[in-house]
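Below: the structure, in structure tokens.
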Ligand SMILES: Cc1cc2nc3c(=O)[nH]c(=O)nc-3n(C[C@H](O)[C@H](O)[C@H](O)COP(=O)(O)OP(=O)(O)OC[C@H]3O[C@@H](n4cnc5c(N)ncnc54)[C@H](O)[C@@H]3O)c2cc1C
């Protein structure tokens, strides 16, 4: 393995002594984030862009070691656009649309994701997690250059936490010894093994799947197409499953299911891994191992993510099996949901109880992800004789009969959830499309040379389509700016299809995280003022 | 909304039953189980209606 020149070997945020370490009393910061993984970095960028000063502490000084996440869905890319790092992701990432499913020795069918038109971002890209984290760190550096108060402290390991009524206290270990700091708000993005969770004695319950997966990233010059290939019960991994997926730089992700009763250390040795990969890829294919690890997957979440002044996000709050690419994808939706709420609460523009809606909405998201990911795992790894018989019957039928293909579940790919029933929603008052009902993430629409989501930005927006409304509205300090569009000017018809449905006009109240809060056919000042109060936790 | 039909509905019941047995004839237990599974899935898809399918699952669960 020639890891020396890999970006996961280079310190990206090397330890530097902070003035806090020389201060007698613990210095208080508005927001401290534990963990410079993708979720902690994403949240920090979001807050810094809104002028909230943030300090990120990480027990390490590098990006994620080796490769974990590969697959990023459209919604997280849209969120990353708002954070100023969507473009490098898409530029470097590999786009794919075709998937093939194999059973035993046969290809049983293939599918095309057939992405819908009019979205700026593709349905999916594949990219090594270390690039993702590197782009986020680059963005942090850019914000620092602009003078934003955002700081990453490498080799700062949090070793003790106190959760108080109006702040949290932290003890931090560094190469030069420990120091203490305080935070008005402490956000734990410290991963699935979250030490914060443990230090606060909080539970993390769910299901462990009794199975192991060998995850290998190999570098090879091979002419496999840029497609997702999934095998059930292949000859090279009898009774188990396998996945092959392309990443940039000629790196290929291979997942091999190994079963439960194995010796992990033995299985990880190159002399055991290489023959398995040769059996899969063909004897003549030349490849080099970049990274090999063995995972046992779990689906679980915390009972609550919001614990007074300590809030959990990302893997620290919930964990899913990777079938369906939901980990990092859903973690970014957490921070998307949290950042604007926290900002309003910190500025005194919304009551602290607004943060309870973070819990409600993101637990809903986590449960949806856990359900989907558990179902995929149950299909891929049948848990009983009869579930295997039914699974194999589905696969046999799928080869000849189209009807069985939707039943094949090799991972249902991540889509954002709709916050149905959220206390922030105002009852739907438009005979409009289902997909843009209150609680929904706004679907993108191409508008000439631009895109709708770019124009929504990260503030409250009053989107009017062929409807009158004031240019701006101030409801008790919450500023809402109008974005006026016309479906008549939209020759593609997408604006009508996605936002008007059967109506001729519409007014939408859109939250800073680009979810719909309220919609009606026309503007009504009292009703929209009430909707703004509701969307900010004041009603 | 439609209801699961639990009244006699197959013309030539004896012939159908013989055909069902015939389909399994000579099969190992494993192959028979697989055939049954395929048959259930084919029929379920033909029915399609989730409410009817749920009623069928209940009816099967609550007998035998
Ligand atoms: C094999 C595999 C494949 C995956 N594929 C996908 C995929 O295709 N798509 C997808 O979206 N997701 C995928 N995931 C999930 C994804 O990797 C995670 O969801 C994501 O990394 C979570 O980010 P995070 O920031 O919450 O946590 P992490 O990335 O785990 O980051 C936590 C950070 O906290 C730091 N930390 C921990 N303890 C302390 C402490 N005491 N003090 C200071 N810092 C601390 C750690 O050093 C680390 O930097 C996959 C995961 C695996 C294992």
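Residue numbers (the working numbering), protein chains in the order written: chain A, 1 to 539; chain B, 1001 to 1064. Using N, Cα and C, we set each Cβ at its ideal position, and we do this for glycine too. Fair warning: this is a prediction, and the values are worked out from it, not measured in the lab.
**Message:** Does residue 234 (chain A) come out as helix, strand or coil in the three-state DSSP assignment?
**Reply:** coil
**Request:** Report the residue from A:524, A:283 and A:48 whose alpha carbon sits nearest the alpha carbon of residue 147 (chain A).
**Result:** A:48
**Message:** Please identify the residue among A:142, A:102, A:462 and A:77 whose C-alpha is closest to the C-alpha of residue 121 (chain A).
**Reply:** A:77
**Request:** For residue 220 (chain A), name the three-state secondary structure that DSSP assigns.
**Result:** strand
**Request:** For residue 492 (chain A), count neighbouring C-beta atoms within 10 Å of its own C-beta (all shown protein chains included) and say buried if the count is 16 or more, exposed if not.
**Result:** exposed
**Prompt:** Expressed to the nearest angstrom, what Euclidean distance is found between the alpha-carbon atoms of residue 243 (chain A) and residue 123 (chain A)?
**Reply:** 19 Å
**Request:** Determine the extent of the alpha helix (DSSP H) in which residue 129 (chain A) is found, giving its start and end residues.
**Result:** 129 to 145
**Prompt:** So, does the CB of residue 395 (chain A) fall closer than 7 Å to a CB anywhere in chain B?
**Reply:** no
**Asked** Using a C-beta cutoff of 7 Å, does residue 387 (chain A) count as contacting chain B?
**Response** no
**Message:** Quick check: residue 232 (chain A) and residue 103 (chain A), are their CB atoms within less than 7 Å of each other?
**Reply:** yes
**Message:** So, under 8 Å CB-CB, residue 522 (chain A) and residue 507 (chain A) are touching, yes? Tell me the CB distance rounded to an integer number of Å.
**Reply:** 6 Å
**Item:** Selection of the stretch 398 to 430 of chain A by Cβ proximity to chain B, strictly under 9 Å
**Value:** 401, 403, 404 and 407
**Message:** Give me the subset of the stretch 1026 to 1042 of chain B whose CB atoms are less than 9 Å from a CB atom of chain A, sorted by chain position.
**Reply:** 1030, 1033, 1034, 1035, 1036, 1037, 1038, 1039, 1040, 1041 and 1042
**Message:** Does any residue of chain A have a CB that is nearer than 7 Å to the CB of residue 1045 (chain B)?
**Reply:** yes
**Message:** Less than 7 Å between CB atoms is the rule here; does residue 390 (chain A) satisfy it with respect to chain B?
**Reply:** yes
**Prompt:** Does DSSP put residue 30 (chain A) in a helix, in a strand, or in coil?
**Reply:** strand
**Message:** At a cut-off of 6 Å, would you count residue 157 (chain A) as near ligand 1, judging by its Cβ distance to the nearest heavy atom?
**Reply:** yes
**Prompt:** For residue 332 (chain A), which residues of its own chain have a beta-carbon under 6 Å away from its beta-carbon, when the five flanking residues on both sides are left out?
**Reply:** 42, 76 and 79
**Request:** Please specify which runs of the beta strand (DSSP E), each continuous and at least 3 residues long, are wholly inside the stretch 36 to 62 of chain A, giving them in chain order.
**Result:** 54 to 57
**Message:** Nearest by alpha-carbon distance to residue 189 (chain A): which of A:382, A:335, A:537 and A:139 is it?
**Reply:** A:335
**Request:** Compare the Cα-Cα distances from residue 304 (chain A) to each of A:294, A:318 and A:297 and report the closest residue.
**Result:** A:318
**Request:** Determine the DSSP secondary structure at residue 532 (chain A), reduced to helix, strand or coil.
**Result:** helix
**Item:** CB-CB length for residue 310 (chain A) against residue 168 (chain A), believed under 8 Å
**Value:** 6 Å
**Asked** DSSP puts residue 239 (chain A) in a beta bridge; with which residues?
**Response** In the DSSP output, where bridge partners are listed per residue, residue 239 (chain A) has none listed.
**Request:** Give the secondary structure of residue 318 (chain A) by DSSP, where H, G and I count as helix, E and B as strand, and everything else as coil.
**Result:** strand
**Message:** Measuring straight from C-alpha to C-alpha, what distance separates residue 1064 (chain B) and residue 1055 (chain B)?
**Reply:** 16 Å
**Buried versus exposed call for residue 456 (chain A) [16 or more other C-beta atoms within 10 Å across all chains shown]** = buried
**Request:** Answer with yes or no whether the minimum CB distance from residue 108 (chain A) to chain B is below 7 Å.
**Result:** no
**Prompt:** In chain order, which beta strand (DSSP E) runs of at least 3 residues are fully inside the stretch 411 to 491 of chain A?
**Reply:** 460 to 465, 472 to 475 and 478 to 485
**Item:** Short Cβ contact (7 Å threshold) for residue 69 (chain A) with residue 129 (chain A)
**Value:** yes
**Message:** Quick check: does the Cβ of residue 68 (chain A) come within less than 6 Å of any heavy atom belonging to ligand 1?
**Reply:** yes
**Asked** Looking at the structure shown, is residue 68 (chain A) part of a helix, part of a strand, or coil, going by DSSP?
**Response** coil
**Prompt:** Below 7 Å between beta carbons: does that hold for residue 430 (chain A) and residue 326 (chain A)?
**Reply:** no
**Request:** Using a threshold of 7 Å, state whether the C-beta atoms of residue 532 (chain A) and residue 475 (chain A) are closer than that.
**Result:** yes
**Asked** Going straight from the alpha carbon of residue 118 (chain A) to that of residue 1028 (chain B), what length do you get?
**Response** 54 Å
**Request:** Could you tell me which of A:132, A:483 and A:312 sits nearest to residue 198 (chain A), measuring between CA atoms?
**Result:** A:312
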